[in-house]
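Chemist: Numbering (this note's numbering), first residue to last: -3 to 203.
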Amino acid sequence: MSHRILLLGAPGAGKGTQSKRLADEYGVEHVTTGDALRANKDMETEYGTPRSFMEAGDLVPDPVVNEIVEAALADADGFVLDGYPRNLEQAEFLSEITDLDAVVFLDVDDEVLVDRLTGRRVCDECGANYHVDFQPPAEAGVCDECGGELIQREDDTEETARERLQVFYENTEPVIEHFRDEGDLVEVDGEATPDDVFARIGDVLDE
Ligand code: AP5
């Protein structure tokens, strides 16, 4: 059974949703650069703060992100890695610090991605994820888990979502091609309910 799992996909493909479930299922760490950066948005680095890059939909500079991932993986026995690597330089760095047991690509059409991103709401308190149409909370604007307020991420406006998709095609698609060329990539159709996508990922990891 694979325990060092890389989950790749465009913004909104369901990486966060599925990574959390996989990490619970296998009892491993969920390592996510997006959440780590959101928790440290105003951290001063020699390139400025992560906030300025994230709100524009751009990538945060590699040295900042590489350091986060290296520290997280050093402490992890097994992991589901989500949101990294996002370009070939990060992929090269990752190959120097760990081996992977499985690389899964969640494939979702662009217009579905934009709908998912613009409809996403997250809990301000506990970080739980919702969607106004696809995964609504029991009470609008209120987290089912902790009663916290549900807010829209600053980078989930339609304009920034489309910018993030552009950044994905320019920077991250070559990473997917790289793993495909190496014969390491398994592809999963991500256009189904979260339960069905989770079952599909389980099936490919069991093979
Ligand atoms: P990050 O947080 O990683 O964002 P992302 O890759 O754009 O991915 P998302 O979190 O938007 O989507 P997801 O695939 O996790 O989908 P989710 O499960 O939430 O990164 C944010 C920013 O940080 C970047 O833009 C960049 O600036 C910076 N950054 C991060 N990593 C970096 C790196 N390595 N290098 C440089 N910069 C970096 O689902 C989305 C929505 O759809 C939710 O509402 C959910 O409820 C819904 N949904 C999920 N699955 C389904 C389904 N099966 N059916 C219907 N709805 C679904």
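Note that beta-carbon positions come from the ideal geometry of N, C-alpha and C, so glycine has one too.
Between which two residues does the alpha helix (DSSP H) carrying residue 84 extend?
Modeler: Its alpha helix (DSSP H) spans residues 84 to 93.
Chemist: Is residue 195 near ligand 1, judged by its Cβ being under 6 Å from some heavy atom?
Modeler: False, no ligand heavy atom lies under 6 Å from that Cβ.
Chemist: Using the Cβ count rule (16 or more neighbours within 10 Å means buried), how would you classify residue 130?
Modeler: With fewer than 16 other Cβ atoms within 10 Å, it is exposed.
Chemist: Give the DSSP-derived three-state secondary structure of residue 98 in the structure shown.
Modeler: Three-state DSSP puts residue 98 in a strand.
Chemist: Which ranges does the alpha helix (DSSP H) cover as unbroken runs of at least 4 residues, wholly within the region 34 to 69, from first to last along the chain?
Modeler: With a minimum length of 4 residues, the continuous alpha helix (DSSP H) runs that stay inside the region 34 to 69 are 46 to 52.
Chemist: Beta-carbon separation of residue 113 and residue 73 under 7 Å?
Modeler: Going by C-beta atoms, residue 113 is not nearer than 7 Å to residue 73.
Chemist: Quick one: does the C-beta of residue 80 sit closer than 6 Å to a heavy atom of ligand 1?
Modeler: For ligand 1, at least one heavy atom lies less than 6 Å from the Cβ of residue 80.
Chemist: Would you list the one or two residues that DSSP bridges to residue 197?
Modeler: Note: residue 197 sits in no beta bridge, so no partner.
Chemist: Restricting to Cα atoms, I'd like to know which of 30, 6, 0, -1 is closest to residue 169.
Modeler: Among 30, 6, 0, -1, the Cα nearest to that of residue 169 is on 6.
Chemist: Have a look at residue 84 and residue 196 and give me their C-alpha separation to the nearest angstrom.
Modeler: Looking at the two C-alpha atoms, the distance is approximately 27 Å.
Chemist: Can you tell me where the beta strand (DSSP E) holding residue 28 begins and where it ends?
Modeler: Counting along the chain, the beta strand (DSSP E) containing residue 28 begins and ends at 25 to 28.
Chemist: Using the three-state DSSP reduction, which class does residue 213 fall into: helix, strand or coil?
Modeler: Outside the modelled stretch of the chain, which goes from -3 to 203, sits residue 213, for which no answer is possible.
Chemist: List the endpoints of the continuous alpha helix (DSSP H) containing residue 108.
Modeler: Element bounds for residue 108: 106 to 115.
Chemist: Near residue 174, which residues of its chain fall below 7 Å by C-beta distance, leaving aside the five closest residues on each side in sequence?
Modeler: Counting only Cβ-Cβ distances below 7 Å, and skipping sequence neighbours, we find 84, 87.
Chemist: Taking all protein chains shown into account, decide if residue 156 is buried (16 or more other Cβ within 10 angstroms of its Cβ) or exposed.
Modeler: Buried, by the Cβ-count rule.
Chemist: Return the CA-CA distance between residue 189 and residue 136, expressed in angstroms with no decimal places.
Modeler: Residue 189 and residue 136: Cα-Cα distance of roughly 21 Å.
Chemist: Candidates 0, 57, 203: which alpha carbon is nearest residue 95's?
Modeler: Comparing Cα positions, the closest option is 0.
Chemist: How far does the beta strand (DSSP E) with residue 135 in it reach, from first residue to last?
Modeler: Unbroken run through residue 135: none, as it is neither H nor E.
Chemist: Provide the residue span of the beta strand (DSSP E) that contains residue 158, from first to last.
Modeler: Note, residue 158: premise wrong, no beta strand (DSSP E); alpha helix (DSSP H) at 154 to 163.
Chemist: Since residue 5 sits in a beta bridge, which residues does DSSP pair it with?
Modeler: Paired residues: 102.
Chemist: Suppose the cutoff is 6 Å on Cβ atoms and the five residues either side in sequence are ignored; what does the same chain contact list for residue 30 look like?
Modeler: The residues are 79.
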